[in-house]
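To start, the structure under review is shown below, and the notes come after it.
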Amino acid sequence: MSICKPRWFTCSSTTNPSLPRRAGGASLCYLYKKAGGDRAMGDTTFHPGEQAVRAQKLSDRAATRHGATLQDGIYGQAQAYVGHMFMVLVGSVDSDGYPWASLLVGPPGFADAGHPQYLNLTLPQAQRDPADPLWQNLSHNPRLGLLFIDLNSRQRLRVNGRLNSLTRGDLELFVCEAYGNCPKYIQQRRVVHASLAEPDESPQRGKGLNDELRAFIHGCDTLFVASDWPESGCDVSHRGGAPGFVRVEQGNRLRIPDYPGNNLFNTLGNFMLNPKGGICIPDFSHSRLLQLTGDVTLNLDQNFWEFEVREWLWRTLPARLSWSEPQASPFNRAVE
Numbered sequence: 000m001s002i003c004k005p006r007w008f009t010c011s012s013t014t015n016p017s018l019p020r021r022a023g024g025a026s027l028c029y030l031y032k033k034a035g036g037d038r039a040m041g042d043t044t045f046h047p048g049e050q051a052v053r054a055q056k057l058s059d060r061a062a063t064r065h066g067a068t069l070q071d072g073i074y075g076q077a078q079a080y081v082g083h084m085f086m087v088l089v090g091s092v093d094s095d096g097y098p099w100a101s102l103l104v105g106p107p108g109f110a111d112a113g114h115p116q117y118l119n120l121t122l123p124q125a126q127r128d129p130a131d132p133l134w135q136n137l138s139h140n141p142r143l144g145l146l147f148i149d150l151n152s153r154q155r156l157r158v159n160g161r162l163n164s165l166t167r168g169d170l171e172l173f174v175c176e177a178y179g180n181c182p183k184y185i186q187q188r189r190v191v192h193a194s195l196a197e198p199d200e201s202p203q204r205g206k207g208l209n210d211e212l213r214a215f216i217h218g219c220d221t222l223f224v225a226s227d228w229p230e231s232g233c234d235v236s237h238r239g240g241a242p243g244f245v246r247v248e249q250g251n252r253l254r255i256p257d258y259p260g261n262n263l264f265n266t267l268g269n270f271m272l273n274p275k276g277g278i279c280i281p282d283f284s285h286s287r288l289l290q291l292t293g294d295v296t297l298n299l300d301q302n303f304w305e306f307e308v309r310e311w312l313w314r315t316l317p318a319r320l321s322w323s324e325p326q327a328s329p330f331n332r333a334v335e
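Quick note: the sequence shown uses numbering that gives the first Met the number 0, first residue 0, plus one each step.
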C-alpha cells in the first residue's frame with residue numbers, strides 16, 4: 000500500500016519505473032494533470048466538497064480550468080523555491096479531529112525537497128516550541144498540510160501529504176500533492192533581522208476571547224487557515240485583506256470574507272465536508288503567534304464563513320523576526 004493516496008489518482012502498477020524507490024517506502028507515483036481539454040465537474044481531481052462549492056460558485060468551464068496546477072510532488076523550480084524558504088505554515092489535526100495552523104521558522108535551506116515526493120524539514124529541538132500543538136498532533140494523526148509563502152515576492156506553494164518520519168532533528172513528509180497559488184491579498188513584507196531566542200513569556204491559553212485578542216484579530220491583515228478532510232488530507236491556506244477584514248462578532252465568533260482567488264476552493268471544500276478549522280495570526284511586531292481552533296459555518300451565498308473559537312493559544316515564537324512595514328496588496332477590498 001502506498002504511504003499516501005492522493006485524491007486524484009491511486010498508486011498502482013502504472014508507477015513510472017524510472018523513478019527510484021525510497022528505502023523502506025512505497026513506490027513513487029509520477030503523474031501530471033495535463034493542461035487543456037475539457038473535464039466534467041465530477042472529475043476526481045476535486046473531492047466531493049470542492050465539487051459542491053464549485054457547483055454553487057463557478058461555471059463548469061471556470062471550475063475545470065485549474066486542475067492542471069496539481070502535481071503529485073515538488074518538481075523543478077518549486078524545489079529551488081522551497082530550498083530558499085525560511086518559514087512554513089503547517090496544518091495538523093488534534094486527537095479530537097480539530098485542525099490547528101502553526102508557523103515554523105529556520106535558516107534558509109532548512110526545507111529540502113531534493114526528492115520530488117519527500118520533503119525534509121531540519122528542525123532541531125531548540126527550534127521547536129513544545130507549546131505548539133503540532134508536535135502533540137503528530138502522535139495522533141499523520142496528515143499534514145504545508146504552505147511555503149514568501150511575503151516579499153507574494154509567491155506561495157502548498158504541499159500536502161503525510162508524516163513519513165520524525166526524529167530529534169528532522170521532520171520528513173511524504174508529498175501527496177503540490178501546487179502554486181496566486182499572489183492576491185498578500186501584504187508585502189520582508190525580514191530585516193532574524194535570530195533564535197528563548198520565549199520571554201509563558202504561553203497563554205483560553206476558550207473565550209478577551210478584549211486584547213479581539214482587538215488584535217480585528218486589526219490583522221494576514222491569517223492562515225487549516226482545514227481537513229480525512230479522505231484527502233490536511234491543508235493550510237492564506238487569507239488576507241485590509242485591517243478590519245476579519246470581523247469579530249459577539250462572543251467567540253469571527254466572520255471571514257471569501258474573496259475571489261484561485262477558484263480551487265480547497266479550504267471551503269474541506270469545510271463543506273468537515274466544518275472544523277484552525278487559524279493562526281502572526282503578530283509581526285512582536286514575533287508572537289495567535290493560534291485558534293474551532294467550528295466553521297459556511298455562507299456561500301453571501302461569500303463569507305464564520306468561525307466559532309473553541310480554544311486559543313497565544314505564544315512567543317522561538318524565532319525573533321523583525322519585518323519591514325507592510326505594503327498593502329493591490330487586490331485588497333474595502334472593509335465594510
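Even glycine gets a Cβ: it sits at the ideal position worked out from N, Cα and C.
- Per the Cβ contact rule, the segment 269-282 is not in contact with the segment 177-197 (fewer than 3 Cβ pairs under 8 Å).
- About 18 Å separates the Cβ atoms of V92 and L118, ruling out a contact at the 8 Å cut-off.
- In terms of CA proximity to F85, T121 leads the group T121, T44, V52.
- Only residues of its own chain outside the window of five on either side were considered, and among them H217, G218, C219, D220, V334 have a CB closer than 8 Å to the CB of P242, listed in chain order.
- Around the CB of E310, 16 or more other CB atoms lie within 10 Å, so the residue is classed as buried.
- Within the DSSP secondary-structure output, Q124 pairs in no beta bridge.
- Residue environment analysis places D95 among the exposed positions, since fewer than 16 neighbouring C-beta atoms fall within 10 angstroms of its C-beta.
- Here Q78 is near A112, since their CB atoms are less than 9 Å apart.
- In this structure, DSSP gives D210 a helical state, which the three-state scheme calls helix.
- Look at T266 here: in three-state DSSP terms it is helix.
- In this structure, DSSP gives H285 a state outside helix and strand, which the three-state scheme calls coil.
- Burial state of K206 is exposed, judged by a 10 Å Cβ sphere holding fewer than 16 other Cβ atoms.
- Distance from the CA of R319 to the CA of Q290, rounded to the nearest whole angstrom, comes to 17 Å.
- Under the DSSP assignment, L103 falls in the beta strand (DSSP E) whose first and last residues are 98-104.
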